[in-house]
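A quick write-up on the structure given underneath.
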């Protein structure tokens with residue numbers, strides 16, 4: 026087995042702990058937005074949120090220090106720095122939860138379309154949930170804002186991600202509109218993944234049924250090769266046998 | 026022929042009766058929502074609706090009891106349990122109508138894209154009809170609700186399923202919004218199926234016309250194999266004939 | 026050459042005249058809706074419209090009478106009957122204009138994707154134009170209607186066909202909503218055709234560039250077959266030459 | 026190497042300068058719309074804008090005069106004439122910026138999907154930016170117009186290009202609606218490109234994983250051909266060796 030670098034070991038060991046920190050981070054954010062706590066409770070949640078953030082900072086610094094070429098690692102992981110440093114990018118820390126999906130995936134097996142749909146569905150559900158929390162956090166309290174409850178926020182997020190856009194709810198603040206744009210991009214990707222998976226499936230089904238026009242597969246070629254090899258071996262054998270028959274022929 | 030289990034026999038025998046029960050269920054629901062019956066009539070329709078539900082319960086219980094491994098069957102058919110047990114899932118009992126589509130399908134033949142479009146179109150029409158009934162049932166009577174007639178409900182359902190979403194009509198109750206979300210999901214799937222079928226068709230047409238770049242099909246390989254086999258048989262025949270010619274050669 | 030039936034000759038001969046009748050029909054309808062003529066002029070346009078309709082009826086009856094099996098022809102051309110008989114289906118007579126597109130097509134050549142895009146673009150432009158005329162005709166004058174000018178009608182038609190659906194304009198009458206549904210169906214088909222053509226093009230471009238994974242084409246197989254045939258001919262020739270060499274060998 | 030015509034040399038030499046002129050043109054337009062300058066400054070920007078336009082005119086005339094067949098060149102470059110002559114088409118001069126994308130592309134390499142996505146993303150961002158400037162320029166100041174600031178214009182452009190269309194913002198002037206239609210067309214193309222790229226990618230991934238049904242590639246056929254050639258060479262060699270063995274056989 027190839028020897029792992031310290032950096033790879035660190036990433037492997039912290040994969041699950043960081044996913045759990047991300048989950049806690051999500052739970053704390055949910056309580057902060059939905060419960061709107063006051064006093065002592067609000068203070069505790071702030072602390073928990075800061076601790077979770079601190080862990081991501083520590084993870085970033087350790088990975089930077091363990092890198093063989095730190096300058097190169099820094100340039101290649103600028104995105105990680107942004108996620109850690111910018112408050113606006115906080116929800117992207119939830120990308121750590123991809124590990125949980127990876128665990129679910131083992132149940133599904135190695136089917137490409139199944140995996141793609143699994144990631145898409147879990148991604149869209151998480152996107153809708155987090156966008157609903159974030160938009161509620163931003164819009165609530167602004168005079169003239171339409172999104173004032175979590176139910177309305179979820180309803181708005183779903184009608185945006187499906188690109189329906191009734192217009193009964195829409196954000197009016199700048200951060201709210203940035204969240205909306207992310208949802209729209211997610212919606213176009215969602216339509217894209219659903220359509221593309223279906224297209225791939227239909228192409229395959231059409232090919233399977235329509236045997237006359239069935240695409241030649243590598244296994245067809247493999248069978249043909251086996252046949253040619255059998256022929257060539259037989260010929261060689263035959264020719265050699267007859268060469269051996271004729272040593273007595275006059276030279 | 027492989028011997029069928031009792032469970033398979035039950036499913037085969039009850040396929041059509043249950044589709045008819047589903048149709049009756051749909052008719053009863055339509056009259057309940059559109060006719061808004063009172064007194065005796067309302068009571069009779071309620072009874073019919075409960076009897077139809079009872080039949081689905083009986084079907085579920087019989088299939089459970091006939092299963093070879095009941096625990097496994099229970100786990101694998103949790104969805105069936107939900108459809109039977111939850112009032113919200115009632116419309117999904119109409120999935121039984123898929124048998125009717127199966128009958129239509131025989132007219133179309135075994136063309137994959139034709140079958141997919143048939144299922145999609147009949148599914149979308151049923152979805153729009155049932156969603157219109159359900160949204161009208163939920164929204165009508167709520168103060169401030171925009172959807173107050175069946176015509177408005179159908180108009181809203183179609184503009185939602187196509188993801189146009191003008192916003193002149195939209196649900197304001199929670200169950201109404203759940204129905205809307207199902208319609209949106211149906212709409213994205215509809216766009217996906219239409220696009221994917223077209224993509225598959227275009228890919229095939231392009232390949233057929235552009236003969237130089239036509240994809241190698243299994244039948245091409247088959248012809249090639251036939252040719253190689255002819256060659257190898259001829260060679261064997263020739264070599265054996267000549268072996269037979271040379272018995273007199275000194276050994 | 027195969028002898029044409031009288032029906033085929035009729036269809037070939039009337040293809041262009043009927044396309045011209047369809048164009049006149051479109052022009053008359055445009056003037057009727059946009060010019061809102063009164064008195065004598067309105068009467069003349071009505072006459073022209075009825076004459077155009079009469080020609081479609083004559084065409085339908087002649088084709089029916091020339092059919093070898095009239096009952097079968099009637100059943101297979103029910104759609105044609107509906108287009109001729111129902112006032113609501115009038116705009117579908119414009120499908121005759123497909124001949125004009127066929128003429129344009131000769132300039133483009135026989136490229137599948139080019140032809141598909143040509144039909145789609147010309148179909149969408151015609152759809153938007155006719156739907157704008159029809160919606161204006163239906164909505165104008167209704168109290169509370171939002172679409173009151175041709176400009177607004179075109180704006181509404183385009184924002185519907187692209188499934189954007191702002192909701193600043195929308196039909197409020199039943200015939201207007203039927204037209205809207207046709208536009209939405211056209212919009213989903215438009216998205217489907219655009220996406221599918223792009224998908225087919227990208228799949229082909231990826232295959233062309235990525236030579237290592239280039240799909241095996243029929244021409245690859247053809248070259249391989251030529252090689253095998255050359256080998257088999259050479260072998261036969263060689264074997265026969267040597268058979269001819271050995272008649273003197275002792276028997 | 027093939028000798029270039031004077032026209033080709035001109036196009037090659039002016040590619041970058043014209044891209045820079047297009048950038049300056051974009052900067053001037055941005056300042057004009059966003060800064061709404063007055064007096065001397067406005068005059069200077071007008072002059073800069075006219076100078077940039079003059080350079081495009083000179084480029085058009087030089088290319089026309091250098092063409093071997095000017096009539097043919099004129100007919101084939103009608104689109105270029107429109108871009109130069111019509112004020113409405115001004116933003117299309119930014120198509121010159123495609124050279125900048127070409128430079129970026131070298132970093133990505135020759136991967137087809139990567140290039141397509143690069144052009145799409147940069148095209149969409151430029152489209153949104155320019156459409157936001159243009160719509161603001163058109164709508165601002167009209168009584169009843171909803172789009173009154175650059176922020177609102179960008180928000181409207183993004184919700185249009187993704188076909189969400191909330192309807193909180195929409196253009197009310199004719200030029201504004203023309204810009205909206207271009208954005209909608211861009212949106213449908215965007216959905217198309219995203220979906221098509223994903224479809225192509227999924228089809229490839231499915232084929233790679235599912236080895237049993239892996240599509241036969243040109244390299245599979247190449248290996249098979251190599252095997253057949255080896256067999257045929259061996260046979261020829263063998264047969265010739267034995268022909269050489271038998272000259273002493275009686276003739």
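Residue numbers (my numbering), protein chains in the order written: chain A, 26 to 276; chain B, 26 to 276; chain C, 26 to 276; chain D, 26 to 276.
Think of the CB as a built atom: it goes at the ideal place given N, C-alpha and C, for glycine as much as any other residue.
On a predicted model such as this, the values are computed, not experimentally measured, just so you know.
Report, in whole angstroms, the separation of the C-beta atoms of residue i and residue j, which I expect to be a contact under 8 Å.
| i | j | result |
| --- | --- | --- |
| residue 223(C) | residue 221(D) | 4 Å |
| residue 24(C) | residue 62(C) | Given a span of 26 to 276 for chain C in the structure shown, any question on residue 24(C) remains unanswerable. |
| residue 253(D) | residue 253(C) | 6 Å |
| residue 228(C) | residue 219(D) | With a Cβ gap of about 15 Å, residue 228(C) and residue 219(D) do not count as contacting. |
| residue 202(A) | residue 181(D) | Residue 202(A) to residue 181(D), Cβ: 10 Å. No contact. |
| residue 167(D) | residue 204(D) | So it is not a contact: roughly 14 Å between Cβ atoms. |
What's the C-alpha gap between residue i and residue j?
| i | j | result |
| --- | --- | --- |
| residue 206(A) | residue 67(C) | 51 Å |
| residue 146(A) | residue 140(A) | 10 Å |
| residue 107(C) | residue 192(C) | 32 Å |
| residue 255(A) | residue 248(D) | 16 Å |
| residue 85(B) | residue 119(B) | 15 Å |
| residue 79(D) | residue 122(D) | 18 Å |
| residue 83(D) | residue 44(D) | 15 Å |
| residue 30(C) | residue 200(D) | 54 Å |
| residue 88(B) | residue 258(A) | 58 Å |
| residue 97(D) | residue 260(C) | 57 Å |
| residue 169(C) | residue 178(C) | 15 Å |
| residue 100(A) | residue 251(B) | 59 Å |
| residue 230(C) | residue 46(A) | 44 Å |
| residue 105(B) | residue 144(D) | 48 Å |
| residue 148(B) | residue 92(D) | 59 Å |
| residue 37(D) | residue 150(D) | 26 Å |
| residue 39(C) | residue 142(C) | 26 Å |
| residue 70(C) | residue 64(B) | 56 Å |
| residue 58(B) | residue 109(B) | 21 Å |
| residue 102(D) | residue 125(D) | 22 Å |
Can you tell which of the options has the C-alpha that lies nearest to the C-alpha of residue i?
| i | options | result |
| --- | --- | --- |
| residue 50(C) | 169(C), 72(C) and 33(C) | 72(C) |
| residue 41(B) | 177(B), 230(B) and 81(B) | 81(B) |
| residue 172(D) | 195(D), 185(D) and 184(D) | 195(D) |
| residue 35(C) | 175(C), 161(C) and 90(C) | 90(C) |
| residue 137(A) | 261(D), 226(D), 32(D) and 58(D) | 226(D) |
| residue 74(B) | 203(B), 181(B) and 48(B) | 48(B) |
| residue 152(D) | 87(D), 46(D), 61(D) and 210(D) | 210(D) |
| residue 175(A) | 251(A), 33(A) and 183(A) | 183(A) |
| residue 94(C) | 60(C), 32(C), 166(C) and 204(C) | 32(C) |
Can you tell me which of the three DSSP states residue i falls into?
| i | result |
| --- | --- |
| residue 103(D) | helix |
| residue 96(B) | helix |
| residue 42(B) | helix |
| residue 274(D) | Low confidence applies here, because residue 274(D) scores a pLDDT of 46, under 50, leaving its location unreliable and the question unanswered by this model. |
| residue 188(B) | coil |
| residue 30(A) | coil |
| residue 200(A) | helix |
| residue 169(A) | coil |
| residue 111(A) | coil |
| residue 69(C) | helix |
| residue 147(C) | helix |
| residue 281(A) | Any question about residue 281(A) goes unanswered here, given that chain A covers just 26 to 276. |
| residue 193(C) | coil |
| residue 90(D) | helix |
| residue 174(B) | coil |
Any heavy atom of the ligand MG closer than 7 Å to the CB of residue i?
| i | result |
| --- | --- |
| residue 175(A) | With respect to the ligand MG, the structure offers nothing, as it holds no ligand at all. |
(Q) Any contact between the segment 153–171 of chain B and the segment 152–159 of chain A? By contact I mean 3 or more CB pairs, one from each, below 8 Å. (A) No, they do not touch.
Q. When the Cβ atoms of the segment 209–218 of chain A are set against those of the segment 169–189 of chain A, are three or more pairs found closer than 8 Å?
A. Under the Cβ criterion (8 Å, minimum of three pairs), the segment 209–218 of chain A counts as touching the segment 169–189 of chain A.
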